[in-house]
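In terms of the numbering used here, the sequence shown opens at residue 861 and continues consecutively.
Quick reminder that beta carbons are idealized off the backbone N, C-alpha and C, glycines included.
Report on one structure; see the data block that follows.
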Amino acid sequence: MNANGFDMDGDPGPLVGLVASTVTVLTLAVAFGAMALGVEAFWVAFPVGFGGVMPLATGLAAYASSGDQAHDDTVGDDAAEEDAESALSTLRERYARGELDEGELEERVETVLATEDRK
């Protein structure tokens with residue numbers, strides 16, 4: 861989900877779709893209800909509902925969805941970074957104890973860093 865509330869394929873998220881559907885149903889219900897009751901200005905419900913409420917509500921839904929996703933991505937990045945630091949620390953300790961020679965250390969450090977870049 862990107863900052864616009866759309867996933868990577870350009871489709872709106874489930875919250876945005878739900879909000880848009882709800883606003884549509886409510887706008888039509890108010891407009892046709894007012895028309896059935898004989899209100900001459902029933903047509904005002906259409907520009908207010910579709911021109912004002914719809915963009916505001918879907919924008920807020922997209923903002924809420926993108927905020928949740930951004931937080932989830934940040935949490936995942938922090939965990940991956942901590943895992944890589946832990947692995948590098950273990951490698952340094954093993955090298956200091958003489959369990960690894962310089963070539964093995966470099967090879968394993970490159971592996972850890974390459975794995976971190978893929979995440």
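Just the Cα atoms here: how many angstroms apart are residue i and residue j?
i           : j           : result
residue 918 : residue 882 : 10 Å
residue 880 : residue 904 : 19 Å
residue 902 : residue 912 : 16 Å
residue 973 : residue 874 : 36 Å
So, at 6 Å on beta carbons, what are the nonlocal neighbours of residue i in its own chain, with the 5 sequence-adjacent residues on each side left out?
i           : result
residue 924 : none
residue 975 : none
residue 955 : 965
residue 961 : none
Keeping to the same chain, check which residues put their C-beta closer than 8 Å to that of residue i; ignore five residues upstream and five downstream.
i           : result
residue 914 : 880, 883, 884, 887
Is it buried or exposed, residue i, if we count other Cβ atoms within 10 angstroms and call 16 or more buried?
i           : result
residue 909 : buried
residue 921 : buried
residue 878 : exposed
residue 897 : exposed
### Task
With a floor of 4 residues, list each alpha helix (DSSP H) that falls wholly inside the region 873-953, ordered by position along the chain.
874-896
### Query
Any contact of the region 937-947 with the region 885-897, i.e. 3+ C-beta pairs under 8 Å?
no
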